[in-house]
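In the numbering used here, the protein residues as written are 131 to 468.
Ideal Cβ placement from N, Cα and C applies to all residues, glycine included.
On a predicted model such as this, the values are computed, not experimentally measured, just so you know.
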Amino acid sequence: MSHPTHPTPPADLLRATLSGLLDGLPPKQAAGAVERLIANYRGATPTDAPILRDRADVVAYAAYRMPATFEAVRSALAAFADAVPEGWVPGSHVDVGGGTGAATWAVTDTWEGARPVTVLDWAEPALALGREIAAANPALREASWQRSRIGAALTIESTDLVTVSYVLNELDEAGRTALVDAAAAAAQAVVLVEAGTPAGYARIIEARDRLIAAGFHIAAPCPHSAGCPIVPGTDWCHFSARVSRSSLHRQVKGGSLPYEDEKFSYVAATRFPPAPAPARVVRRPQIRKGQVLLDLCETDEQLRRTTVTKRHGDLYKAARDADWGDAWPPFGTQERTE
Ligand SMILES: C[S@@+](CC[C@H](N)C(=O)[O-])C[C@H]1O[C@@H](n2cnc3c(N)ncnc32)[C@H](O)[C@@H]1O
Numbered sequence: 131m132s133h134p135t136h137p138t139p140p141a142d143l144l145r146a147t148l149s150g151l152l153d154g155l156p157p158k159q160a161a162g163a164v165e166r167l168i169a170n171y172r173g174a175t176p177t178d179a180p181i182l183r184d185r186a187d188v189v190a191y192a193a194y195r196m197p198a199t200f201e202a203v204r205s206a207l208a209a210f211a212d213a214v215p216e217g218w219v220p221g222s223h224v225d226v227g228g229g230t231g232a233a234t235w236a237v238t239d240t241w242e243g244a245r246p247v248t249v250l251d252w253a254e255p256a257l258a259l260g261r262e263i264a265a266a267n268p269a270l271r272e273a274s275w276q277r278s279r280i281g282a283a284l285t286i287e288s289t290d291l292v293t294v295s296y297v298l299n300e301l302d303e304a305g306r307t308a309l310v311d312a313a314a315a316a317a318q319a320v321v322l323v324e325a326g327t328p329a330g331y332a333r334i335i336e337a338r339d340r341l342i343a344a345g346f347h348i349a350a351p352c353p354h355s356a357g358c359p360i361v362p363g364t365d366w367c368h369f370s371a372r373v374s375r376s377s378l379h380r381q382v383k384g385g386s387l388p389y390e391d392e393k394f395s396y397v398a399a400t401r402f403p404p405a406p407a408p409a410r411v412v413r414r415p416q417i418r419k420g421q422v423l424l425d426l427c428e429t430d431e432q433l434r435r436t437t438v439t440k441r442h443g444d445l446y447k448a449a450r451d452a453d454w455g456d457a458w459p460p461f462g463t464q465e466r467t468e
């Protein structure tokens, strides 16, 4: 009896390909390159020249950071995909500051199949390694890896989707403005992801305002395109994506947990009208006896805590399954809280 063959999911292919990168590299050397990279990233950014200078730097980046940036982008894209009109699939994709291509892998994981893909970055060694890794992913074999500097001269070819992941924080204000304006001019949809820190959130809100001013609608995570209800400096909107840790991670960071939670902030915006979630769970839900406390960002531009109890029937079951970052109520559930 023959079994249908299922292609390996991009997430698994990526993990296998990245672990293969370290084969043959003495563990001490790999850990040393990661430590150098972390020290560089602690230094002042933005920089005038690429931080990823040679193959050792980019192998360290790819093996150590790419699984986490991939999961963060994948999580943002999942929320975005729930908010686009039925049947909308990006027909083309440009990843700006794409480095070794984490976001291109996340896009192929969210929407199956191949599409024209362009990765822009100023670091040639990152592009070279990205191309090498992408050879393992049939949907990325035709991708074009192009050297390009983000600045006033940046232009992006017209495309359905632009992604920018973990880049805004490496740019000065003029660079961030040029990037968001070029993305808005080129794309039907723009997805920006940053570290889930107060600074990352501030970069996301700045870009969100600029995209709205350019005529975009917010598809996720916000339930609306009005102002963010968070009072600046009091809190920051961020989410969490689970990442399996590699042996390199355990070696550099110690500890024995098989996973790590990557915190990220994001915004997804579209030229076309999206259908954003009615509300979004913005903290880890608290499960108590017979009730679940949900912190929600709601359509009326408010943050509100809702208590869902057994009395709410199916909605209570849904609340027990709800996760930080989910839409609320989940699609197909009748809202019966009052
Ligand atoms: C932290 S890495 C993120 C890489 C990738 N997007 C990801 O999510 O894994 C930042 C990337 O931005 C690129 N970058 C920073 N400043 C840039 C600039 N002015 N022009 C082009 N690329 C830039 C770096 O070379 C690097 O690849």
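Contact between the segment 260-271 and the segment 227-234: three or more CB pairs below 8 Å? yes
Quick one: does the C-beta of R195 sit closer than 8 Å to a heavy atom of ligand 1? yes
Considering Cα atoms alone, identify which of V224, M196 and V237 is closest to F210. V237
Own chain partners of R434 with C-beta closer than 6 Å, once the 5 adjacent residues on each side are dropped: L426 and E428
Are the CB atoms of V292 and P351 within a distance shorter than 9 Å? no
Rounded to whole angstroms, what's the CA-CA distance from E468 to E300? Just pull it up for me. Confidence at E468 is low in this model, with a pLDDT of 42, below 50, so its placement is unreliable and the value that follows should be read with caution. For E468 and E300, the distance between alpha carbons rounds to 45 Å.
With which residues is E324 paired in a DSSP beta bridge? S395
Check the C-beta distance from E287 over to V224 and give it rounded, since I have them as a contact under 8 Å. 7 Å
Alpha helix (DSSP H) runs wholly inside the segment 280-351, at least 4 long, in chain order: 303-316 and 328-343
Euclidean distance between Cα positions of T327 and I417: 25 Å
Looking at the structure shown, is T364 part of a helix, part of a strand, or coil, going by DSSP? coil
Evaluate the contact criterion for the segment 332-339 versus the segment 386-400: three or more CB pairs, one atom per stretch, below 8 Å. yes
Check: R166 C-beta below 8 Å from any heavy atom of ligand 1: no
Since T199 and S278 should fall inside the 8 Å C-beta cutoff, what is the C-beta to C-beta distance between them, to a whole number of angstroms? Actually they do not touch by this definition, with Cβ atoms about 19 Å apart.
Our contact map puts V320 next to L341 with C-beta atoms below 8 Å; I'd like the distance itself, whole angstroms only. 6 Å
Would you mind giving the Cβ-Cβ distance between P359 and E431, rounded to the nearest angstrom? I have them listed as a contact below 8 Å. 5 Å
The segment 299-316 contacting the segment 204-219, beta-carbon criterion three pairs below 8 Å: no
At a cut-off of 8 Å, is W275 close to ligand 1 when judged by its beta-carbon and the heavy atoms of the ligand? no
Touching by the beta-carbon criterion (3+ pairs, under 8 Å), the segment 159-172 and the segment 379-392: yes
Reduced DSSP secondary structure (H/G/I, E/B, other) of I263: helix
Rounded to whole angstroms, how far is the Cβ of D290 from the Cβ of G243, which I believe are closer than 8 Å? In fact, because the Cβ distance is near 13 Å, the residues do not count as touching under 8 Å.
Going by beta-carbon coordinates alone, are A193 and L152 separated by less than 9 Å? yes
Which partner residues does S274 have in the DSSP bridge list? T248
Do the CB positions of A371 and E392 come within less than 9 Å of each other? yes
In this structure, how does DSSP classify T467 when only helix, strand and coil are distinguished? In this prediction, T467 has a pLDDT of 47, which is less than 50 and means its spatial position is unreliable; what the coordinates show is noted afterwards. In this structure, T467 counts as coil in the three-state DSSP scheme.
Assigned secondary structure, I181 (DSSP; H/G/I helix, E/B strand, else coil): coil
Compare the Cα-Cα distances from A457 to each of T437, P415, A409 and L445 and report the closest residue. A409
Exposed or buried, what is V219 when buried is set at 16 or more other beta-carbons lying within 10 Å of its beta-carbon? exposed
May I ask whether a heavy atom of ligand 1 can be found less than 8 Å away from the beta carbon of F200? yes
Measure the CB-CB distance between T234 and A264 and report whether it falls below 9 Å. yes
Buried or exposed by the 16-neighbour rule on C-beta atoms within 10 Å, applied to Y331: buried
Which partner residues of S374 appear in the DSSP bridge assignment? Y389
C-beta contact flag for V469 and W366 at 9 Å: The structure shown does not extend to residue 469, since the chain is modelled only from 131 through 468, so no value can be given for it.
Note the first and the last residue of the continuous beta strand (DSSP E) segment covering R435. L433 to T439
If the criterion is Cβ atoms closer than 9 Å, does the pair L250 and Q276 meet it? yes
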